[in-house]
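Encoded as structure tokens, the structure appears first; notes follow it.
2 protein chains.
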Amino acid sequence: MSIKIRQLDSTQARFKEALHAVLAFEASEDEAIESAVTRILADVKARGDAAVLDYTKRFDRVDATDVATLELPRARLEAALEGLQPKRRAALECAAARVRAYHEKQKLECGTHSWQYTEADGTVLGQKVTPLDRVGLYVPGGKAAYPSSVLMNAIPATVAGVKEIIMVVPTPDGVANDLVLAAALIGGVDRVFTIGGAQAVGALAYGTQTVPAVDKIVGPGNAYVAAAKRRVFGVVGIDMIAGPSEILVVCDGTTDPRWVAMDLFSQAEHDELAQSILLCPDADFLVRVQAAIEELLPEMPRRDVIAKSLEGRGAFVKVRDMAEACAIANDIAPEHLEVSALDAQTWAQQIRHAGAMFLGRFSSESLGDYCAGPNHVLPTSRTARFSSPLGVYDFIKRSSMIEISQEGAQTLGEIAAELAYGEGLQAHARSAEMRMK
Amino acid sequence: MSIKIRQLDSTQARFKEALHAVLAFEASEDEAIESAVTRILADVKARGDAAVLDYTKRFDRVDATDVATLELPRARLEAALEGLQPKRRAALECAAARVRAYHEKQKLECGTHSWQYTEADGTVLGQKVTPLDRVGLYVPGGKAAYPSSVLMNAIPATVAGVKEIIMVVPTPDGVANDLVLAAALIGGVDRVFTIGGAQAVGALAYGTQTVPAVDKIVGPGNAYVAAAKRRVFGVVGIDMIAGPSEILVVCDGTTDPRWVAMDLFSQAEHDELAQSILLCPDADFLVRVQAAIEELLPEMPRRDVIAKSLEGRGAFVKVRDMAEACAIANDIAPEHLEVSALDAQTWAQQIRHAGAMFLGRFSSESLGDYCAGPNHVLPTSRTARFSSPLGVYDFIKRSSMIEISQEGAQTLGEIAAELAYGEGLQAHARSAEMRMK
Chain P
169 MSIKIRQLDS TQARFKEALH AVLAFEASED EAIESAVTRI LADVKARGDA AVLDYTKRFD
229 RVDATDVATL ELPRARLEAA LEGLQPKRRA ALECAAARVR AYHEKQKLEC GTHSWQYTEA
289 DGTVLGQKVT PLDRVGLYVP GGKAAYPSSV LMNAIPATVA GVKEIIMVVP TPDGVANDLV
349 LAAALIGGVD RVFTIGGAQA VGALAYGTQT VPAVDKIVGP GNAYVAAAKR RVFGVVGIDM
409 IAGPSEILVV CDGTTDPRWV AMDLFSQAEH DELAQSILLC PDADFLVRVQ AAIEELLPEM
469 PRRDVIAKSL EGRGAFVKVR DMAEACAIAN DIAPEHLEVS ALDAQTWAQQ IRHAGAMFLG
529 RFSSESLGDY CAGPNHVLPT SRTARFSSPL GVYDFIKRSS MIEISQEGAQ TLGEIAAELA
589 YGEGLQAHAR SAEMRMK
Chain X
169 MSIKIRQLDS TQARFKEALH AVLAFEASED EAIESAVTRI LADVKARGDA AVLDYTKRFD
229 RVDATDVATL ELPRARLEAA LEGLQPKRRA ALECAAARVR AYHEKQKLEC GTHSWQYTEA
289 DGTVLGQKVT PLDRVGLYVP GGKAAYPSSV LMNAIPATVA GVKEIIMVVP TPDGVANDLV
349 LAAALIGGVD RVFTIGGAQA VGALAYGTQT VPAVDKIVGP GNAYVAAAKR RVFGVVGIDM
409 IAGPSEILVV CDGTTDPRWV AMDLFSQAEH DELAQSILLC PDADFLVRVQ AAIEELLPEM
469 PRRDVIAKSL EGRGAFVKVR DMAEACAIAN DIAPEHLEVS ALDAQTWAQQ IRHAGAMFLG
529 RFSSESLGDY CAGPNHVLPT SRTARFSSPL GVYDFIKRSS MIEISQEGAQ TLGEIAAELA
589 YGEGLQAHAR SAEMRMK
């Protein structure tokens, strides 16, 4: 199966422009989607349950008399879990245990504790850390329903200490995905409503008579869900809006080219817009990966998606050396970075921007997607320059703590009043001065 | 000076609805602003410096031949600092030192270090923490130019280890604010361009021939700046978009009512939309604060703004007791919370949601605005339920680190493949299986 992947060379003229042209991805804003979502959200805000029922009937063809009947009883989740094949259930539970262990460790390391210190004059300063009260988890219905995604979103919230997790998942024509429901139970979800789309996002953001309002909404969704999340941001917190998934493989030429080919496939099979890029200083190795791709592609069930993704958005880049490959990786700031090389930890020291780094030839991205432990919700579209994997830190927030002693009020009052007068804010100045003897 | 402030009582019928009606604030989306900003951003993206020059001439009446001449040389900042009155300079430097000391402590406590651990089979997991490469700091021109805000935005970035901070500040008619320029120097800003508005946000987000592209834009601005920041979010990171400033004073009746009155003023003087609310179990104390307000208001230079803010958005709430006051405070989730009471630390244990807590009668909010040390950029409009004060953690980001050993690839590969087949992602499964013996 012949496949034509874009070839770049870092020594070519205007290489950086050519590379950025490959990376460029502009999420199109669809006016029809935006206005439909605006209408649905306003309706859910105004009419609550009644609006949710109307849209669920219209979009999912589920005709319920009240929203309470759309909530799944715990016994339904337990039945889903009991019904799984033992091997699959064990895999899900083992993955959950590893993800939980990693996030427990993260909780200890990432400064999720309150802290304070006392100054010489008795003034106390610090921060109080509190988990969010209630979190909403959006889970897509149908084909894109990934139980691994349920675990990756729910577990950091439970580890952070969130009191209640409300999951919403549409069930078009009433069909639920048992693997997803089992994952909800294992992941620590408290309540599940079988609603979806912008109406579910609106219900979580504003609350209805039956669905409780949450403080933050996380989880992936289609263009309607993404648009709805953007619009309710501010009323509630949201996680990032993900772009197409990406992998960048930096290889020194020592890995089996078939492994590299399959790693590129594993990203490309997600979506025609997914992006797989390979950087290597060894031109001959690039040829061998190309051959492996052509050999392996015909046996892949999702070969059509893979081929479109690789031909449309993929690239092979011949670089001068591994140091240059690391510099280019920083410019790309990929969601997933495989450093498939000897001495991977050494090269990793040169990487500043990546959602997740997979080091060494045994660290295939797919292990990270399911069960290595770290979160698979990662920054896409170069946003790894300024954002982080989903983590425990996304489910806590901080309050500054300021207790000024009487003595402290004397010295600080003088400074504050001087600056407040400089800014023309006299009440600020007087408020400080009144505490001075 | 008589002033009519809304009076609520927690025992009244439908109290919660009445309270939420007072809190309700919907940032209006102005179509004219949105479309002007969209046009300006597209123009700056396409034409770079030339567009920035055109808009700066049109909006700030500054006619420059190239953007380089709009950059202030370091000597200009030094001259601004040298030119300050010694007392004001000392206050600014002392405030900066305290803010820096607090954020240094925060850096240690908030988990801004990289970490990793090794499992029994040699698999290494963790996170690498890296400061952002380059940050843009927006500073408003004219009246709303606050040097304290320059310090509060720049210092956490420098403490985080950000390599370069680019400040933009409009100078309408060529007039610069020396206190702001001095604060830039003290705060560790690297370069200053005298540009503003949506064109400055665009220049920072996309980069021009002269202005370097940044990774995140922070700092307050008018409606055009806020709209522009929203639009470039994703290309770069942004801080929160702040709503009107708020103070909630929870008082047990033991504080001088004049202090409380002035604290309410210090919020109200910012803006007619600013919100000042007082909760107290002592009805008589509320009467005394009202009297203090009427006594003190006439002497305030900004009395008209204060009166409009208090009458339009202020409220006095009579509560049953301090425990109920804390519960209501959690519902309000205020930007600034003063617990002006005996045993303030004890009451603070009941507070989950507040941007900053000011504990005890000597902790006036104005001290926190300038020099206590904690950041004065805080979540508004109930977003303290899910977000935090600006901090060192906003200028770092994390990359997951995953190095799977050959042994680890055997056990993890089996789990990952099982789940990948369950999700219909065969390339993921094969990628894991290829690493298995």
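Quick mapping for you: the protein sequence lines, in order, are chains P and X.
Its first residue numbered 169, the first sequence is counted upward by one per residue in our numbering.
Its first residue numbered 169, the second sequence is counted upward by one per residue in our numbering.
Cβ coordinates follow ideal geometry from the N, Cα and C atoms, glycine included.
Since this is a predicted model, take the numbers as computed values, not measurements.
When the Cα of X:Lys273 is compared with those of X:Ala577, X:Gly559, X:Gly576 and X:Glu582, which residue comes out closest? Mapped onto the second sequence, residue 273 of chain X falls at position 105. When each option's Cα is compared against that of X:Lys273, the closest is X:Gly559.
With 9 Å set as the bound, which would you pick, yes or no: does the beta-carbon of P:Phe361 sit closer than that to a beta-carbon of chain X? As a first step, residue 361 of chain P is located in the first sequence; it is residue number 193 there, counting from the start. False, the Cβ-Cβ gap to chain X never drops below 9 Å.
Residue nearest to P:Pro575 in terms of C-alpha spacing, selected from P:Gln435, P:Ala288 and P:Ser444: Your numbering for residue 575 of chain P matches position 407 in the first sequence. The sequence shown places Glu at residue 575 of chain P, rather than the Pro named in the question. With distances taken between Cα atoms, P:Glu575 lies closest to P:Ala288.
Roughly how many angstroms lie between the CA atoms of P:Asp472 and P:Thr206, to the nearest whole one? As a first step, residue 472 of chain P is located in the first sequence; it is residue number 304 there, counting from the start. As a first step, residue 206 of chain P is located in the first sequence; it is residue number 38 there, counting from the start. In a straight line, the C-alpha of P:Asp472 is about 35 Å away from that of P:Thr206.
If P:Leu505 and P:Met525 are in contact, beta carbons under 8 Å, what's the gap, nearest whole angstrom? Within the first sequence, residue 505 of chain P is the residue found at index 337, counting from 1. Within the first sequence, residue 525 of chain P is the residue found at index 357, counting from 1. Right, the Cβ-Cβ distance comes to about 5 Å (below 8 Å), so this counts as a contact.
Going by the beta-carbon positions, is the gap between P:Met468 and X:Arg598 smaller than 9 Å? Stepping through the first sequence from its first residue, residue 468 of chain P is reached at position 300. Stepping through the second sequence from its first residue, residue 598 of chain X is reached at position 430. Against a cut-off of 9 Å, the Cβ pair of X:Arg598 and P:Met468 comes out as a contact.
Along the region 368-387 of chain P, what residues have a CB closer than 8 Å to any CB found in chain X? Asp383 and Lys384
Restricting to runs no shorter than 3 residues, where is the beta strand (DSSP E) found entirely within the region 393-420 of chain P? 414-419
Taking DSSP as the reference, what is the three-state secondary structure of P:Arg426? Numbered from its first residue, the first sequence carries residue 426 of chain P at position 258. Of the three classes helix, strand and coil, the one that applies to P:Arg426 here is helix, per DSSP.
Can you give me, in chain order, the residues of the region 295-309 of chain X that have a beta carbon less than 8 Å from any beta carbon in chain P? Gln295, Lys296, Thr298, Leu300 and Asp301
Quick check on P:Glu199: buried or exposed, where buried means 16 or more other Cβ atoms within 10 Å of its Cβ? Taking the first sequence and counting its residues from 1, the one referred to as residue 199 of chain P is at position 31. The residue in question, P:Glu199, is exposed, as its Cβ has fewer than 16 Cβ neighbours within 10 Å.
Could you tell me if X:Val343 is buried or exposed, where buried requires 16 or more neighbouring beta carbons within 10 angstroms of its beta carbon? As a working note, residue 343 of chain X is residue 175 in the second sequence. Under this definition X:Val343 is an exposed residue.
Identified DSSP bridge partners for X:Gln458: The sequence position of residue 458 of chain X within the second sequence is 290, counting from 1. X:Gln458 is not bridged to any residue.
Where does X:Ala540 fall in DSSP's three states? Counting from 1 along the second sequence, the entry for residue 540 of chain X is found at position 372. DSSP places X:Ala540 in coil when its eight states are reduced to three.
Between P:Ala288 and chain X, is any beta-carbon pair separated by less than 9 Å? Reading the first sequence from its first residue, position 120 is the one you call residue 288 of chain P. For P:Ala288, the answer is no, since every Cβ of chain X falls outside 9 Å of its Cβ.
Residue environment, X:Gln435, which counts as buried when at least 16 other CB atoms sit within 10 Å: Indexing the second sequence from 1 puts residue 435 of chain X at position 267. Buried, by the Cβ-count rule.
Is the beta carbon of X:Val403 sitting closer than 9 Å to the one on X:Val507? One-based indexing of the second sequence puts residue 403 of chain X at position 235. One-based indexing of the second sequence puts residue 507 of chain X at position 339. No, these two residues do not count as a Cβ contact at 9 Å.
Best match in X:Met602, X:Glu332 and X:Phe554 for proximity to P:Leu300 [C-alpha to C-alpha]: By 1-based counting over the first sequence, the position of residue 300 of chain P is 132. Measuring from the Cα of P:Leu300, the nearest candidate turns out to be X:Phe554.
Got a sec, what are the start and stop residues for the alpha helix (DSSP H) X:Ala210 sits in? Reading the second sequence from its first residue, position 42 is the one you call residue 210 of chain X. Run containing X:Ala210: Glu199 to Arg215, per the alpha helix (DSSP H) assignment.
Which first and last residues belong to the beta strand (DSSP E) in which P:Gln513 is found? Along the first sequence, one-based indexing puts residue 513 of chain P at 345. Note, P:Gln513: premise wrong, no beta strand (DSSP E); alpha helix (DSSP H) at Ala512 to Ala516.
Using the beta-carbon of each residue, which ones in chain X are nearer than 8 Å to P:Thr551? As a working note, residue 551 of chain P is residue 383 in the first sequence. Result: Gly402 and Gly405.
Return the CA-CA distance between P:Asp358 and P:Gly387, expressed in angstroms with no decimal places. Residue mapping note: residue 358 of chain P aligns to position 190 of the first sequence, counting from 1. Residue mapping note: residue 387 of chain P aligns to position 219 of the first sequence, counting from 1. C-alpha separation (whole angstroms): 16 Å.
Could you give the residue range of the beta strand (DSSP E) that holds X:Pro299? Taking the first residue of the second sequence as 1, we reach residue 299 of chain X at position 131. That run of the beta strand (DSSP E) goes Val292 to Pro299.
Could you give the distance in angstroms between the alpha-carbon of X:Ile323 and the alpha-carbon of P:Asp217? Indexing the second sequence from 1 puts residue 323 of chain X at position 155. Indexing the first sequence from 1 puts residue 217 of chain P at position 49. Those two C-alpha atoms are separated by around 47 Å.
Cβ closer than 8 Å: which chain X residues qualify as neighbours of P:Glu437? Here the question's residue 437 of chain P lines up with position 269 in the first sequence. The answer, in chain order, is Leu593, Gln594, Ala595 and His596.
Report buried or exposed for X:Thr286, applying the criterion of at least 16 other Cβ atoms within 10 angstroms of its Cβ. In the second sequence, residue 286 of chain X corresponds to position 118, counting from 1. By the 10 Å Cβ count, X:Thr286 comes out exposed.
May I ask you to list, following chain order, the residues of the region 337-353 of chain P that have a beta carbon less than 7 Å from some beta carbon of chain X? Leu347
Return the residues of the region 425-451 of chain P that lie within a Cβ-Cβ distance of less than 8 Å from chain X, sorted by chain order. Arg426, Trp427, Met430, Asp431, Phe433, Ser434, Ala436, Glu437 and His438
List, in order along the chain, the chain P residues whose C-beta lies closer than 7 Å to that of X:Gln574? For this step, residue 574 of chain X is matched to residue 406 along the second sequence. Simply Phe530.
Cα-Cα separation, P:Ala263 to P:Pro315: Reading the first sequence from its first residue, position 95 is the one you call residue 263 of chain P. Reading the first sequence from its first residue, position 147 is the one you call residue 315 of chain P. One C-alpha to the other measures close to 11 Å.
Cross-chain neighbours of P:Gly536 in chain X, by beta carbon under 8 Å: Reading the first sequence from its first residue, position 368 is the one you call residue 536 of chain P. Residues of chain X passing the Cβ test: Ser568 and Ile570.
Between X:Asn321 and the rest of its own chain, which residues show a CB-CB distance below 6 Å, the 5 nearest in sequence each way excluded? The residue given as residue 321 of chain X occupies position 153 in the second sequence. Taken in chain order, the residues that qualify are Leu305, Val386 and Gly387.
Quick check: what's the CA-CA separation for P:Asp562 versus P:Gly279? Reading the first sequence from its first residue, position 394 is the one you call residue 562 of chain P. Reading the first sequence from its first residue, position 111 is the one you call residue 279 of chain P. Straight-line Cα distance between these residues: approximately 12 Å.
Tell me, please, which residues DSSP counts as bridged to P:His504. Your numbering for residue 504 of chain P matches position 336 in the first sequence. According to DSSP, which records beta bridges pairwise, P:His504 is partnered with P:Ile415 and P:Ala524.
Within chain P, partners of X:Met468 - CB distance below 7 Å: As a position in the second sequence, residue 468 of chain X is number 300, starting the count at 1. Under the 7 Å cutoff, chain P gives Gln594 and Ala595.
Does the separation of the CB atoms of P:Leu176 and P:Ala483 fall below 9 Å? In the first sequence, counting from the first residue as 1, residue 176 of chain P sits at position 8. In the first sequence, counting from the first residue as 1, residue 483 of chain P sits at position 315. Yes, Cβ-Cβ distance for P:Leu176 and P:Ala483 is below 9 Å.
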